[in-house]
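Sequential numbering of the sequence shown, starting at 1448, is according to our numbering.
Just below is one structure, and these are the notes that go with it.
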Amino acid sequence: MFPSDLKLTADSGAKLQHLDAFLALVGHLLYLGFTRLNISHSVQQLSQFLNNLCECHWSVVLHVVRYLKGCQSQGLFLPASNTLELSIFSDADWATCRDSRRSLTGFCVYLGNVIVSWKTNKQSTVSRSTAEAEYRSIVAGVCKLRWFTYLLTDSGVDVRTLISFYCDNKAALHIMANPVFHERTKHIEIDRHIVRNAYKECLVLPSHVKGTEQLADVFSKSLPFKQFFFMLSKLGLASSAPSPTCGRAVEYSCVDTAPSESFMDAGSSSIFSLDCG
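The following block contains the structure:
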């Protein structure tokens, strides 16, 4: 979990002295992020400063470690029965990088009701508008969907139904569905053709989703505390705990709007007011 009111930069304060410890922790978090989607955004933010570390970056990485310590039992829940229909949520945070003003792409892919892929990534170019940033995020999502359709086809699954593509930016959806050439979008023509081809081939079905229901927000931006845990419950992150009737049995339940009590002790709660001045 990343503090919602904190924007890291390459010059966020005094330079960090113990570099090896920071690099080791970020390396462990990168590995852990393969199965812990709740730290995807935080790890991406920390990974971009490996060559220019500040004390504030160290405070944030400790914050992430304390958060993980308080939710060790959380993980992805895979039900025994599930449909084989793909869907995707895509989002972007426009000009979020204070150093380069590049936007952040975030998306998550579902197979039935189970999340099977997610990504947080800084875009390679600067976007001139929110719609352009969202559109580039759509392109990344479409490329991932094509890979999944090939994978399912090779596995003997016939992918015939339209794949629902959820985005909360109507302007980006209009660019996706409208074949008219626009002056404001001529510099993204290659990306435009990638998405347009997917739309013409009936691979994806563009669908608008409310901003409050955009599940990809977890991967594209820092969220307030309660909204973050609410989104995690919708993403299918589950918490395992011993059953009160049998110590060896395991019960699974979606996470609520608050972490475990161990995370709320005095040492951990203070991290929400990081001093990076």
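Where is the CB? At the ideal position from N, CA and C, for every residue including glycine.
Burial state of residue i (16 or more Cβ within 10 Å)
| i | result |
| --- | --- |
| alanine 1578 | buried |
| tryptophan 1594 | exposed |
| glutamine 1661 | buried |
| tyrosine 1597 | exposed |
| glutamine 1521 | buried |
For residue i: DSSP bridge partner residues
| i | result |
| --- | --- |
| tryptophan 1568 | Correcting the residue type first, residue 1568 is asparagine in the shown sequence and not tryptophan. Partner(s): Thr1552. |
| valine 1561 | Leu1558 |
Same chain, Cβ closer than 6 angstroms to residue i, five either side skipped, listed in chain order
| i | result |
| --- | --- |
| threonine 1530 | Gly1559 |
| threonine 1567 | Ser1487, His1488, Gln1491, Gly1553 and Phe1666 |
Span of the beta strand (DSSP E), counted from its first residue to its last, around residue i
| i | result |
| --- | --- |
| cysteine 1590 | It is not in any beta strand (DSSP E) - cysteine 1590 instead sits in the alpha helix (DSSP H) that spans 1577 to 1601. |
| histidine 1465 | Element bounds for histidine 1465: n/a, residue is neither H nor E. |
| serine 1534 | 1533 to 1540 |
| serine 1654 | 1651 to 1655 |
| phenylalanine 1612 | 1610 to 1614 |
Residue i: CB within 7 angstroms of a non-hydrogen atom of the ligand ADP
| i | result |
| --- | --- |
| leucine 1476 | In terms of ligand content, the structure shown is empty, and the ligand ADP therefore cannot be addressed. |
First and last residue of the uninterrupted alpha helix (DSSP H) at residue i
| i | result |
| --- | --- |
| cysteine 1503 | 1502 to 1516 |
| serine 1667 | 1664 to 1667 |
| glutamine 1521 | No alpha helix (DSSP H) contains glutamine 1521, which is instead part of the beta strand (DSSP E) from 1521 to 1523. |
| lysine 1617 | 1617 to 1624 |
| valine 1490 | 1487 to 1494 |
Residue from the options whose Cα sits closest to the Cα of residue i
| i | options | result |
| --- | --- | --- |
| isoleucine 1562 | Asp1467, Phe1481 and His1465 | Phe1481 |
| alanine 1618 | Ser1611, Thr1608, His1655 and Val1589 | His1655 |
| arginine 1549 | Glu1581, Cys1501 and Ser1528 | Glu1581 |
| proline 1653 | Lys1681, Lys1673, Val1589 and Val1606 | Val1589 |
| glutamate 1648 | Thr1608, Lys1673 and Leu1679 | Thr1608 |
| aspartate 1540 | Val1507, Cys1614, Leu1533 and Ser1528 | Cys1614 |
Own chain, CB closer than 8 angstroms to residue i, minus 5 neighbours either side, in chain order
| i | result |
| --- | --- |
| alanine 1542 | Arg1548, Arg1549, Ser1550, Val1573, Ser1574 and Ala1580 |
| aspartate 1414 | In this structure the chain extends from 1448 to 1724, so residue 1414 is not present and cannot be described. |
Residues of its chain near residue i, where Cβ-Cβ distance is below 7 angstroms and the 5 sequence neighbours each way are ignored
| i | result |
| --- | --- |
| asparagine 1616 | Thr1577, Ala1578 and Glu1581 |
| alanine 1457 | Phe1496, Asn1499 and Asp1546 |
| tryptophan 1505 | Leu1463 and Phe1469 |
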